[in-house]
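Colleague:
Numbering (the working numbering), first residue to last: 1 to 511.
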């Protein structure tokens with residue numbers, strides 16, 4: 001995976017900046033310095049994501065936001081948008097950040113900020129702009145439960161509109177944090193909860209199936225108040241880069257900072273040569289396909305056109321028989337509104353015979369559903385959940401990312417009296433989609449079966465539960481869908497043909 005290292009720029013001197021952006025950092029955020037973004041985009045050959053932050057909104061939040069109602073916060077967005085839009089039009093960037101380090105742990109303030117930002121997202125989508133939203137201070141909010149309650153739905157909404165989630169992280173906060181003020185320890189681990197917070201959040205979001213990209217728009221040592229010298233600084237940033245690379249939904253982090261911040265000695269320009277050398281050693285960042293404003297984030301193109309494979313023709317008329325009625329439990333991990341009453345009552349009234357859980361579901365969702373429907377449910381399906389996104393994965397990597405969660409759900413089910421023979425593990429989902437691995441880890445249905453045969457064999461060996469059954473992920477139904485920009489690389493393979501290719505594999509009957 002390519003480097004995630006990026007830059008933060010504010011007003012003031014930035015000697016050596018040009019050489020660094022020519023080495024293609026992952027992202028650059030500039031506060032009121034639109035020229036720095038134009039330079040980054042041009043010198044990186046388009047590989048650098050650019051974010052413009054303008055402080056038109058006084059102190060990065062509407063005056064009186066804490067005392068507003070949600071409707072008043074939305075009205076404030078309507079008032080600010082014309083000036084923001086005019087400023088954005090003068091400063092081309094991929095994303096635009098409006099608010100910054102607001103809200104803290106104040107639930108009402110956060111609700112109002114998010115109402116303000118949600119209305120801005122609606123307006124931005126209409127006018128063709130993408131935003132970077134939320135932007136909490138490092139380690140904020142202090143309550144992770146509050147982050148789950150308020151930030152997660154907001155982040156999901158942002159991704160649906162083509163926006164990104166912005167957050168900050170610092171070393172040396174609080175002052176007595178481990179690591180002598182740095183983001184990382186010499187062994188490469190995060191030095192503190194503040195520094196590690198983005199990684200905890202990124203993992204949580206992936207488990208909920210939320211694909212909204214995150215950019216750490218401020219990241220630095222010493223709380224952002226002191227430049228520790230070029231050698232120590234770049235060593236710290238390089239270690240932090242390695243930590244970020246482990247999370248595909250983190251698109252980059254912005255090294256704090258070029259320019260002058262409150263007359264503090266934080267300017268990193270003396271590290272320019274070392275930063276450029278580091279980026280060149282990483283071959284720079286990989287260009288990303290940016291989402292369309294108002295649309296679900298776009299997926300990267302495939303590595304090649306799916307190849308054909310021998311097929312088995314399907315019968316025109318399959319045998320008729322009884323179909324069990326079932327329900328798919330919450331697709332958002334059980335965090336959505338209503339996953340208590342009345343939804344539980346409605347599920348019970350349906351008298352389902354099959355219930356499907358995701359491996360990301362926790363016992364607080366699984367337990368009540370199993371208990372309420374014990375009399376009718378005969379089969380439980382567990383989907384081994386993984387966000388494939390823009391990467392080729394191996395069977396070993398799929399197992400590493402999913403096995404522990406699947407095992408946890410199986411143990412939860414059996415603790416509620418479910419027999420192993422009632423459990424089916426569904427390996428992945430819609431594998432005929434580019435977004436789910438087509439063109440990255442397999443090129444056709446036969447190769448897909450080969451991939452998951454390895455996964456199934458490893459699962460059986462590790463679980464040691466011979467009565468548990470296995471199934472391949474359901475296909476996305478319909479004809480092939482081509483990418484309008486590259487018709488040779490389909491977004492979806494024809495489901496009928498893909499199934500025929502799967503059935504031609506010698507191991508097909510093992511599922």
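By construction, the Cβ of each residue, glycine as well, lies at the ideal position given by its N, Cα and C atoms. All values reported here derive from a predicted model rather than from experimental measurement.
1. Answer with buried or exposed for residue 262, where buried requires no fewer than 16 other C-beta atoms within 10 angstroms of its C-beta.
2. Using CA coordinates, which residue listed in 292, 480 and 3 is at the minimum distance from residue 444?
3. Taking its Cβ as the centre, do 16 or more other Cβ atoms sit within 10 Å of residue 446, making it buried, or is it exposed?
4. May I have a chain-ordered list of the alpha helix (DSSP H) segments no shorter than 4 residues that lie completely inside the stretch 238 to 299?
5. Candidates 426, 249 and 219: which alpha carbon is nearest residue 473's?
6. Between residue 281 and residue 372, what straight-line distance do the alpha-carbon atoms span, to the nearest angstrom?
7. By Cβ distance, which residues of its chain are closer than 8 Å to residue 154, with the 5 residues on each side in sequence left out?
8. Between which two residues does the alpha helix (DSSP H) containing residue 446 stretch?
9. Look up residue 427 in the DSSP assignment and say whether it is helix, strand or coil.
10. Do you know offhand how far residue 194's Cα is from residue 478's?
11. Sorted by chain position, which residues of the same chain lie with C-beta nearer than 7 Å to residue 225's C-beta, five sequence neighbours on each side aside?
12. Might you give, ordered along the chain, the residues of its own chain that have their beta carbon closer than 8 Å to the beta carbon of residue 106, omitting 5 neighbours on each side?
13. What did DSSP end up calling residue 4 once you bin it into helix, strand or coil?
14. Counting beta carbon pairs with one atom in the stretch 205 to 214 and one in the stretch 162 to 178, are three or more of them shorter than 8 Å?
15. On the three-state DSSP scale, how would you describe residue 491?
16. In the DSSP assignment, find the alpha helix (DSSP H) that holds residue 347 and state where it starts and stops.
17. On a CA-only basis, which of 143, 123, 53 and 151 is nearest residue 77? Give me that one, please.
18. Find out if the Cβ-Cβ distance for the pair residue 350, residue 381 is shorter than 9 Å.
19. So, using beta-carbon positions, are residue 7 and residue 29 closer together than 9 Å?
20. I'd like to check one pair, residue 73 with residue 44: are the Cβ atoms closer than 9 Å?
21. Could you tell me which residues DSSP pairs with residue 472 in its beta bridges?
22. For the alpha helix (DSSP H) containing residue 409, list its first residue and its last residue.
23. Let me know if residue 69 comes out buried or exposed under the rule of 16 or more other beta-carbons within 10 Å of its beta-carbon.
24. Let me check one thing: in DSSP terms, what residues is residue 88 bridge-paired to?
25. On a CA-only basis, which of 143, 396, 272 and 159 is nearest residue 227? Give me that one, please.
26. Note down the Cα distance separating residue 482 from residue 391, rounded to an integer number of angstroms.
27. Would you check if the distance between the CB atom of residue 414 and the CB atom of residue 420 is smaller than 9 Å?
28. Which residue marks the beginning of the beta strand (DSSP E) containing residue 379, and which one marks its end?
29. Taking the runs of the beta strand (DSSP E) that are 3 residues or longer, which of them lie wholly in the stretch 133 to 200?
30. Tell me the residue span of the beta strand (DSSP E) that contains residue 64.
31. Between residue 161 and residue 197, which are expected to be in contact by the criterion C-beta below 8 Å, what is the C-beta distance as a whole number of angstroms?
32. Going by C-alpha distance, which of 157, 494 and 54 is nearest residue 438?
33. For residue 388, which of helix, strand or coil comes out of DSSP?
34. Verify whether the separation of the beta carbon atoms of residue 181 and residue 188 is less than 9 Å.
35. So for residue 38, helix, strand or coil by DSSP?
36. When DSSP labels each residue in this structure, what does residue 356 get in the three-state scheme?
Modeller: Judging by the given coordinates:
1. Note on residue 262: under 16 other CB atoms within 10 angstroms of its CB, so exposed under the neighbour-count rule.
2. Checking every option, the nearest Cα to that of residue 444 belongs to 480.
3. Result: buried.
4. Taken in chain order, the complete alpha helix (DSSP H) segments of 4 or more residues contained in the stretch 238 to 299 are 272 to 281.
5. For the residues 426, 249 and 219, the minimum Cα distance to residue 473 belongs to 426.
6. Their backbone Cα atoms lie some 57 Å apart in a straight line.
7. Apart from sequence neighbours up to five positions away, the residues of its chain that approach residue 154 with a beta-carbon distance below 8 Å are 114, 117, 118, 133 and 134, ordered along the chain.
8. Taken as a continuous stretch (DSSP letters only), the alpha helix (DSSP H) holding residue 446 covers 445 to 463.
9. Strand, per DSSP.
10. Spanning the two alpha carbons is a distance of roughly 46 Å.
11. Once the five neighbours on either side are set aside, the close Cβ partners of residue 225 are 264 and 266.
12. Non-local C-beta neighbours of residue 106 in its own chain, meaning closer than 8 Å and more than five positions away in sequence, comprise 66, ordered along the chain.
13. Note: residue 4 maps to coil in three-state DSSP.
14. Because the criterion of three Cβ pairs below 8 Å is met, the stretch 162 to 178 and the stretch 205 to 214 touch.
15. In the three-state DSSP reduction, residue 491 falls in the coil class, being neither helix nor strand.
16. Unbroken alpha helix (DSSP H) run through residue 347: 343 to 350.
17. Ranking the options by Cα distance to residue 77, first place goes to 123.
18. At a Cβ-Cβ threshold of 9 Å, residue 350 and residue 381 do not count as neighbours.
19. Between residue 7 and residue 29, the C-beta spacing is below 9 Å.
20. For the pair residue 44 and residue 73, the CB atoms are not nearer than the 9 Å cut-off.
21. Note: residue 472 sits in a beta bridge opposite 427.
22. That run of the alpha helix (DSSP H) goes 395 to 415.
23. Exposed, by the Cβ-count rule.
24. According to DSSP, which records beta bridges pairwise, residue 88 is partnered with nothing at all.
25. It is 272 whose Cα lies nearest to the Cα of residue 227.
26. Between residue 482 and residue 391, the C-alpha separation is close to 20 Å.
27. Contact flag set, yes.
28. Per DSSP, residue 379 is one residue of the beta strand (DSSP E) stretching across 379 to 384.
29. Here the runs fully enclosed are 164 to 170.
30. Counting along the chain, residue 64 falls outside any beta strand (DSSP E), and DSSP gives it neither H nor E.
31. Actually they are not in contact, since the Cβ atoms of residue 161 and residue 197 sit about 24 Å apart, beyond 8 Å.
32. The candidate whose alpha carbon is nearest that of residue 438 is 494.
33. Residue state for residue 388 is assigned as coil, using DSSP reduced to three classes.
34. Their beta carbons are not under 9 Å apart, which means residue 181 does not touch residue 188 by this criterion.
35. In the structure shown, residue 38 falls within a helical segment according to DSSP collapsed to helix, strand and coil.
36. Three-state DSSP puts residue 356 in a strand.
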